[in-house]
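Chain order of the listed sequences is V and G.
Numbering-wise, my numbering comes out as the position in the first sequence, counting from 1, plus 2.
Numbering-wise, my numbering comes out as the position in the second sequence, counting from 1, plus 10.
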Amino acid sequence: MKHARVAYAGAIHAAQPQQLADGRAGVRLADARVIAEDEVVWLPPFEAGTIIALGLNYAAHAKELTFAAQEEPLVFLKGPGTLLGHRGYTRRPADAKFMHYECELAVVIGRSARGVRRTAAMQHVAGYCVANDYAIRDYLENWYRPNLRVKNRDGGTVLGPWLVDAADVPDPGNLGLRTFVNGKLTQLGNTRDLITDVPTLIEYLSSFMTLAAGDVILTGTPEGVVNVEVGDEVACEIDGLGRLHNTIVSDAAFGR
Amino acid sequence: MAVPLPVAVAMDVPPFRLSGTVYGTLLNHRTALAALGSAVDEPPYQGAPKAPVLYVKPRNTLASSNDPVVVPADAPELEIGACLGLVIGRAACRLSEGNAFEHLAGYLIVNDVSVPHLPYYRPSIRFKARDGFCPLGPRVAARAAIANPDALIIRVYVDRELRQTAHTADLVRPVAKLLAEVTEFMTLAPGDVLAVGAAAPAPRVRAGQQVSIEIDGLGRLDNRFVGVGT
Numbered sequence: 003m004k005h006a007r008v009a010y011a012g013a014i015h016a017a018q019p020q021q022l023a024d025g026r027a028g029v030r031l032a033d034a035r036v037i038a039e040d041e042v043v044w045l046p047p048f049e050a051g052t053i054i055a056l057g058l059n060y061a062a063h064a065k066e067l068t069f070a071a072q073e074e075p076l077v078f079l080k081g082p083g084t085l086l087g088h089r090g091y092t093r094r095p096a097d098a099k100f101m102h103y104e105c106e107l108a109v110v111i112g113r114s115a116r117g118v119r120r121t122a123a124m125q126h127v128a129g130y131c132v133a134n135d136y137a138i139r140d141y142l143e144n145w146y147r148p149n150l151r152v153k154n155r156d157g158g159t160v161l162g163p164w165l166v167d168a169a170d171v172p173d174p175g176n177l178g179l180r181t182f183v184n185g186k187l188t189q190l191g192n193t194r195d196l197i198t199d200v201p202t203l204i205e206y207l208s209s210f211m212t213l214a215a216g217d218v219i220l221t222g223t224p225e226g227v228v229n230v231e232v233g234d235e236v237a238c239e240i241d242g243l244g245r246l247h248n249t250i251v252s253d254a255a256f257g258r
Numbered sequence: 011m012a013v014p015l016p017v018a019v020a021m022d023v024p025p026f027r028l029s030g031t032v033y034g035t036l037l038n039h040r041t042a043l044a045a046l047g048s049a050v051d052e053p054p055y056q057g058a059p060k061a062p063v064l065y066v067k068p069r070n071t072l073a074s075s076n077d078p079v080v081v082p083a084d085a086p087e088l089e090i091g092a093c094l095g096l097v098i099g100r101a102a103c104r105l106s107e108g109n110a111f112e113h114l115a116g117y118l119i120v121n122d123v124s125v126p127h128l129p130y131y132r133p134s135i136r137f138k139a140r141d142g143f144c145p146l147g148p149r150v151a152a153r154a155a156i157a158n159p160d161a162l163i164i165r166v167y168v169d170r171e172l173r174q175t176a177h178t179a180d181l182v183r184p185v186a187k188l189l190a191e192v193t194e195f196m197t198l199a200p201g202d203v204l205a206v207g208a209a210a211p212a213p214r215v216r217a218g219q220q221v222s223i224e225i226d227g228l229g230r231l232d233n234r235f236v237g238v239g240t
């Protein structure tokens with residue numbers, strides 16, 4: 003099943019996909035109302051705990067950024083204030099020269115994991131969603147890379163539209179990823195090219211920290227990241243998980 | 011899927027509870043920057059941080075006063091990062107130095123425990139994100155109870171012996187300036203904690219030792235460091 007969290011008519015609702023009678027895409031709220039998908043406010047589809055992100059986890063993307071071989075996965079952490087839902091707006095500061103999207107498979111933990119072997123790791127996964135993890139490279143510093151000013155900005159980590167149950171994703175190790183900017187395909191990859199795959203990531207992380215339900219692992223992005231400008235419509239898509247829309251807006255939209 | 015926080019920190023001012031989100035600030039104490047010497051200006055760093063460099067202490071690291079801290083088998087010694095922690099009282103976005111304090115609920119002691127590591131270029135989160143590596147508390151002192159957070163003395167005792175005395179007057183970015191620069195790019199939420207940065211050299215401890223951190227007006231944070239399986 004696919005699960006969303008949406009705001010509609012004064013409350014936050016659990017929702018699932020449901021086509022409207024006239025054929026438009028919509029959602030069915032838990033209270034049985036069926037609403038057009040553009041009439042609800044989409045929130046991140048689950049309450050995230052620890053947000054774990056991978057840098058340079060696709061060989062071609064690592065090469066794109068001229069990066070040498072790694073001894074262990076390159077992991078960084080993010081705070082909850084950066085999260086944004088489907089159809090949200092992300093600000094591009096006027097002084098930025100290189101702001102790019104990153105389409106990523108997000109793995110949501112469903113059951114506490116500590117010292118889990120990769121062969122048993124997938125039992126701890128609740129499901130998956132699409133993530134778009136923006137970066138503004140202008141602000142990159144050489145301390146504790148990537149510093150939060152690059153990767154933890156308000157509205158810079160988009161999740162959704164759905165949390166898709168693990169049972170409905172038979173092979174997370176073979177999913178196509180695509181990003182479209184204003185409808186044009188700019189990024190294409192497949193999770194089969196992950197340097198460290200999902201079960202190995204869970205084994206690695208749980209070897210030194212306890213993962214809890216709601217923790218989420220953003221597994222990294224393939225090659226094909228390009229600069230985005232104010233007004234761009236960015237759509238990240240993963241096979242079976244849906245298409246996550248975001249719009250780039252200016253400082254002025256945020257009163258700056 | 012909300013997981014309860016494993017911390018007991020008394021807090022009698024709004025929002026009355028911690029959110030569970032804790033950020034640390036790298037190299038925000040003059041002694042910490044000075045300890046790196048000329049390396050700060052050399053590769054791979056090429057200069058001191060231009061903006062605050064933060065990191066996350068995730069919820070699995072949070073612990074209360076009197077909780078034991080497990081020293082991992084692969085790390086004979088741990089560093090004690092004794093910090094002043096700012097507790098956010100209301101949504102803090104684009105603060106100015108002039109209004110920053112109004113957004114604080116109060117202050118608490120944070121022990122930002124690390125496995126000693128260098129360089130600081132792209133360290134593994136294994137060094138800072140182990141279970142129990144962020145004791146904090148014992149309580150949140152209300153903002154009004156602390157006259158000047160930039161004039162506090164932090165004392166670290168290991169087995170009752172004074173091992174470090176640090177002054178918040180030596181912050182590279184004092185409290186209000188740090189809040190202003192951080193909230194320029196990220197909003198802090200009520201109950202979030204921002205640890206303002208530890209002094210160097212950090213005291214090192216082994217399993218079997220008792221660490222107490224004192225800050226005037228904030229109480230004392232006590233934790234015993236123990237070996238795996240004890």
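Backbone N, C-alpha and C fix where the C-beta goes; we use that ideal spot for every residue, glycine too.
Along chain V, in chain order, which residues have C-beta atoms closer than 7 Å to that of residue i?
i: phenylalanine 195 of chain G; result: Arg151, Arg155
i: arginine 308 of chain G; result: With chain G covering 11 to 240 only, the question about residue 308 of chain G has no answer from this structure.
i: aspartate 141 of chain G; result: Met211, Thr212
i: alanine 154 of chain G; result: The premise fails here: alanine 154 of chain G is roughly 26 Å from chain V at the closest Cβ pair, so nothing lies under 7 Å.
i: proline 308 of chain G; result: No answer is possible for residue 308 of chain G: the residues shown for chain G start at 11 and end at 240.
i: arginine 132 of chain G; result: Leu76, Arg147
i: valine 63 of chain G; result: Glu143, Trp145, Tyr146, Asn149
Against chain V, does residue i count as a neighbour if the rule is that its beta carbon must be under 8 Å from one of theirs?
i: threonine 41 of chain G; result: no
i: alanine 209 of chain G; result: no
i: proline 54 of chain G; result: yes
i: asparagine 121 of chain G; result: no
i: alanine 199 of chain G; result: yes
i: threonine 240 of chain G; result: no
i: valine 66 of chain G; result: yes
i: leucine 36 of chain G; result: yes
i: tyrosine 167 of chain G; result: no
i: valine 19 of chain G; result: no
Kindly identify the DSSP beta-bridge partner or partners of residue i.
i: glycine 25 of chain V; result: DSSP, once it has assigned bridges, lists no residue as partnering glycine 25 of chain V.
i: tryptophan 44 of chain V; result: V:Val8
i: aspartate 232 of chain G; result: G:Ser222
i: glycine 95 of chain G; result: G:Leu118, G:Ala205
i: asparagine 134 of chain V; result: V:Cys105, V:Val160
i: tyrosine 33 of chain G; result: G:Val66, G:Leu204
i: alanine 55 of chain V; result: V:Phe78, V:Leu220
i: tyrosine 60 of chain V; result: V:Leu196
i: glutamine 125 of chain V; result: Bridge partners of glutamine 125 of chain V: none, in fact.
i: glutamine 72 of chain V; result: Answer is none; glutamine 72 of chain V lacks a bridge partner.
Please list the terminal residues of the continuous alpha helix (DSSP H) segment that includes residue i.
i: lysine 153 of chain V; result: 150–153
i: valine 238 of chain G; result: Element bounds for valine 238 of chain G: n/a, residue is neither H nor E.
i: alanine 45 of chain G; result: 40–45
i: threonine 189 of chain G; result: Rather than threonine, the amino acid found at residue 189 of chain G in this sequence is leucine. 185–192 is the extent of the alpha helix (DSSP H) around leucine 189 of chain G.
Please tell me whether residue i has its Cβ less than 8 Å away from any Cβ of chain G.
i: glutamate 205 of chain V; result: no
i: proline 46 of chain V; result: no
i: asparagine 144 of chain V; result: yes
i: valine 251 of chain V; result: no
i: valine 77 of chain V; result: yes
i: glycine 83 of chain V; result: yes
i: glutamate 41 of chain V; result: no
i: lysine 99 of chain V; result: no
i: lysine 80 of chain V; result: yes
i: isoleucine 240 of chain V; result: no
Is any heavy atom of the ligand MG found at a distance shorter than 7 Å from the C-beta of residue i?
i: valine 238 of chain G; result: Here there are no bound small molecules, and the ligand MG is not part of this structure.
How would you list, in chain order, the residues of chain G whose beta-carbon sits under 7 Å from the beta-carbon of residue i?
i: phenylalanine 182 of chain V; result: By Cβ distance, chain G contributes nothing, its closest Cβ being about 27 Å from phenylalanine 182 of chain V, past 7 Å.
i: glutamate 104 of chain V; result: Those within 7 Å of glutamate 104 of chain V in chain G number zero; the least Cβ separation is about 17 Å.
Which chain V residues sit within Cβ distance under 8 Å of residue i?
i: proline 145 of chain G; result: Neighbours of proline 145 of chain G on chain V: none; closest Cβ ~16 Å, over 8 Å.
i: arginine 69 of chain G; result: Gly51, Thr52, Ala214
i: tyrosine 33 of chain G; result: Gly81, Leu150
Could you please give the first and the last residue of the uninterrupted beta strand (DSSP E) stretch that includes residue i?
i: lysine 60 of chain G; result: It is not in any beta strand (DSSP E) - lysine 60 of chain G carries neither H nor E in the DSSP assignment.
i: arginine 245 of chain V; result: 244–251
i: threonine 92 of chain V; result: 90–93
i: glutamate 235 of chain V; result: 235–240
i: glycine 19 of chain V; result: Before going on, a small fix: residue 19 of chain V reads as proline here, not glycine. It spans 13–19 - the beta strand (DSSP E) in which proline 19 of chain V sits, taken as one unbroken run.
i: leucine 179 of chain V; result: 178–183
i: valine 36 of chain V; result: 36–38
i: valine 80 of chain G; result: 79–81
Worksheet item: Which residue spans inside the stretch 99–179 of chain G form an unbroken beta strand (DSSP E) run of at least 3?
Response: Taking only runs of at least 3 residues, the beta strand (DSSP E) segments lying wholly in the stretch 99–179 of chain G are 114–121, 144–152, 163–168, 171–177.
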